[in-house]
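**Student:** Have a look at this one.
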Ligand code: PEP
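In our numbering, the protein residues as written are 870 to 1106.
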């Protein structure tokens, strides 16, 4: 498993959220295409985290390991029932996930909405994930969700991805200065967190986000599985 550089020293965390895409061949193609830019990947202070669908997790992790690429692997969620201590058929326990993953995305707006997650659910998932040793990337749509995290968990240590719903998958990214203001507010509430921006990031708008003081990187959806788009983001950051 890739040994991740310390987060506090990094200005440049790039999360590739493949969502439901990235079956076998496509996943391996991505890893090979990333290998062609080894220099880009090894740049100091860049942390790259790829989050494939669960089924492709081991395949991607093994391919990255074989090529000695400095890319961490994350999962896109953990099961909501796990933190309640229940043993559910079909549920994904974080203890298994740590064989291949170092990170986990929790509370993405799509999973909050589709699974009717409460703030308590999100906080519960964070607890079990962190207890298992995973670094958590908690997605928030607005400052209030960060405030709830503070109420429920105290000084949350991990990553927050600020993702305004109007920007997710729409091609309509937030204004970088506006996103920075929100990131600043989140850091005031949760001072031990690292804040990313997510929502229609591409090779053209990445610079604007990376120039912001309170934004330490990005979470990328649609432009992450096509390695040429993702590499453009890394290059122009
Ligand atoms: C996402 O899925 O969290 C996301 C930010 O997607 P996109 O980059 O496509 O807006």
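By construction, the Cβ of each residue, glycine as well, lies at the ideal position given by its N, Cα and C atoms.
No experiment lies behind these values; they were computed from the predicted model shown.
(1) Can you confirm whether residue 881, when its beta carbon is compared against all beta carbons of chain C, has any partner nearer than 8 Å?
(2) Just to check my reading of the structure: residue 1040 and residue 1090 have Cβ atoms closer than 8 Å, yes? What is that Cβ distance to the nearest angstrom?
(3) Looking at C-alpha atoms only, which residue of 886, 1068 and 1026 is the closest neighbour of residue 922?
(4) Just how far apart, CA to CA, sit residue 972 and residue 1005?
(5) Sorted by chain position, which residues of the same chain lie with C-beta nearer than 7 Å to residue 1051's C-beta, five sequence neighbours on each side aside?
(6) Can residue 923 be considered in contact with the ligand PEP, in the sense that its beta carbon sits closer than 7 Å to one or more heavy atoms?
(7) For the candidate residues 1010, 1009 and 995, whose alpha-carbon lies nearest to that of residue 1003?
(8) Where does residue 1096 sit, in a helix, a strand or coil, going by DSSP?
(9) Quick one: what's residue 1063 bridged to in DSSP?
(10) Once the 5 residues before and after residue 1107 are set aside, which same chain residues still bring their CB inside 6 Å of it?
**Tutor:** With the structure as the only source:
(1) This model lacks chain C altogether, as it is built from one protein chain only.
(2) With 8 Å as the limit, residue 1040 and residue 1090 do not qualify as a contact, their Cβ atoms being about 11 Å apart.
(3) 886
(4) 6 Å
(5) 1012 and 1031
(6) no
(7) 995
(8) helix
(9) 1028
(10) Because the chain here runs from 870 to 1106, residue 1107 falls outside it and cannot be looked at.
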